[in-house]
Amino acid sequence: MVPKERIEKIVEGYDKDKITVATVCSHTSLQIFDGARKEGFKTLGITVGQNIKFYDAFPKGKPDEFLKVDSYLDLLDMADELAARNVILVPHGSFVEYMTPKKFEELEVPTFGNRRVLEWESNRHMERQWLVSAGAEMPNIIEDPKMIDRPVLVKYDGAKGGRGFFIAKDYPDFKLGIDSSQRFTIQEYVLGTRYYIHFFYSPVRTEGYKLKKGVLELLSMDRRDESNVDEMYKLGAQEELKKLGLFPSFVVTGNIPVVVRESLLPKLLDLGEKVVERSIELFGGMIGPFCLESIVTDDLRIKVFEISSRIVAGTNPFISGSPYSDLLELDVSTGRRIAQEIKFAKDNDVLPEVLS
Ligand code: AMP
């Protein structure tokens, strides 16, 4: 992990009127570039051979400049060059995944948010310790496959977008599906409606839904479209399909906007608040956008099965705002909100508080 003092030193040398917001050309880059431009920043898109022609179809989301590298790991040796451009990196899921969390922690480039969260988030045990000790309810874990006595989801460590996850209802089912060469967790399958809640925590603002320090915002929500599980019902019951060799998979292919019944909002904000307060105690706090991936049961309990501590792709439907962010300010995507936070911190001389 790059020491905080090192990042502070680099930022001290920045020309604050020439900050460039940079990210990898994928995932949520359109709204990050669009939002940064709206807040007056220059933008830089990092690519490794991606097809960047698609940005021509979305000119407002196209970065001012591209930086082509042979491998994301090349960025580790480019810290001086990026500092000379006064770059602030905005991490997103693909950026961290392509570099790997370990290497991402080593980048000597000022990065929006607290990179200490990566360790807590990428280890399922630490993630659980954090969320449960914050007071969040999580799906039960079944340690011994022989004890499977209800529907469970078998999750492989580090599986991307749910690839390879499978549902089992008993031990024979588990044996049929398991790839024992991989590390896995068996989680109770929670029946309910999936909501992915997009929050933003600002440690530097003071107006709004106040925490002990800073404020919490609820910017939007989505539900993921997952292939093929979300369309499987059209072919009939899963048990019958299994006999034909057809198994459900959970590969995210898109996102659908959601609003929840209003009476759930206080509960969601309370949950977001507890998760932030606990993160401050555990590792100095996560900063900026985060998403609580949850399932609401029919008795209106909220079970959190995962946290993503950065901008998530589920915020993409809200490039010009959501029914929730509109009540804070019109036309603010999560990408733009990040740029606003950088600008606010810059104008108030507290940039190190939102960078790591
Ligand atoms: P994850 O990789 O943990 O985000 O999970 C991928 C997908 O699996 C989610 O988007 C949900 O559709 C589903 N899922 C994950 N955990 C559970 C659970 N405990 N119960 C039911 N569905 C789940």
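Its first residue numbered 655, the sequence shown is counted upward by one per residue in my numbering.
Where a beta carbon is used, it is the ideal one built from N, C-alpha and C, also for glycine.
This structure is a prediction, so every number in the text was calculated from the model and none was measured.
Any non-hydrogen atom of the ligand AMP closer than 8 Å to residue i Cβ
i    : result
P793 : yes
Y849 : no
Y726 : no
Q836 : no
G816 : yes
Q841 : yes
R633 : Given a span of 655 to 1010 for the chain in the structure shown, any question on residue 633 remains unanswerable.
K823 : no
V808 : no
E751 : no
I910 : no
Option in the options with minimal Cα separation from residue i
i    : options                 : result
Y752 : H681, R859, N970        : H681
L889 : L684, E880, F901        : F901
L923 : S903, S976, V883, Y855  : Y855
E916 : I796, V806, Y978        : Y978
M886 : M875, L873, L872, S903  : S903
E735 : A967, I664, R859        : I664
L870 : V858, S881, D879        : V858
V930 : V912, V914, F944, V763  : F944
G938 : V806, I910, P971, V1008 : V1008
I961 : H852, E693, L721, T754  : H852
R991 : V808, I661, F972        : F972
E947 : L727, D824, G846        : G846
E983 : D824, L872, G942        : L872
Same chain, Cβ closer than 6 Å to residue i, neighbours up to 5 away in sequence not counted
i    : result
V844 : P793, I949, K957
R848 : R877, I949
S974 : D985
M940 : N768, V771, S933, S963
Q685 : I973, S987, G989
D688 : K714, G715
Cut-off 8 Å between Cβ atoms - residues of its own chain near residue i, not counting five sequence neighbours on either side
i    : result
F695 : I673, T674, V675, A993, I996, K997
L761 : V656, L729, L730, A733, L743, M753
* To do: May I ask you to verify whether the segment 887-901 touches the segment 856-869, counting CB pairs closer than 8 Å and requiring at least 3?
  => no
* State whether the segment 671-689 contacts the segment 740-759, with contact taken as three or more CB pairs (one from each stretch) at a distance under 8 Å. => yes
* Is the segment 957-971 touching the segment 791-806, taking contact as three or more C-beta pairs under 8 Å? -> Touching, yes.
* So, do the segment 688-703 and the segment 715-726 have three or more beta carbon pairs nearer to each other than 8 Å? -> yes
* Inter-stretch contact (C-beta, 8 Å, three-pair minimum) for the segment 792-806 and the segment 824-842 -> Taking a cut-off of 8 Å on C-beta distances, the segment 792-806 touches the segment 824-842, as three or more cross pairs fall below it.
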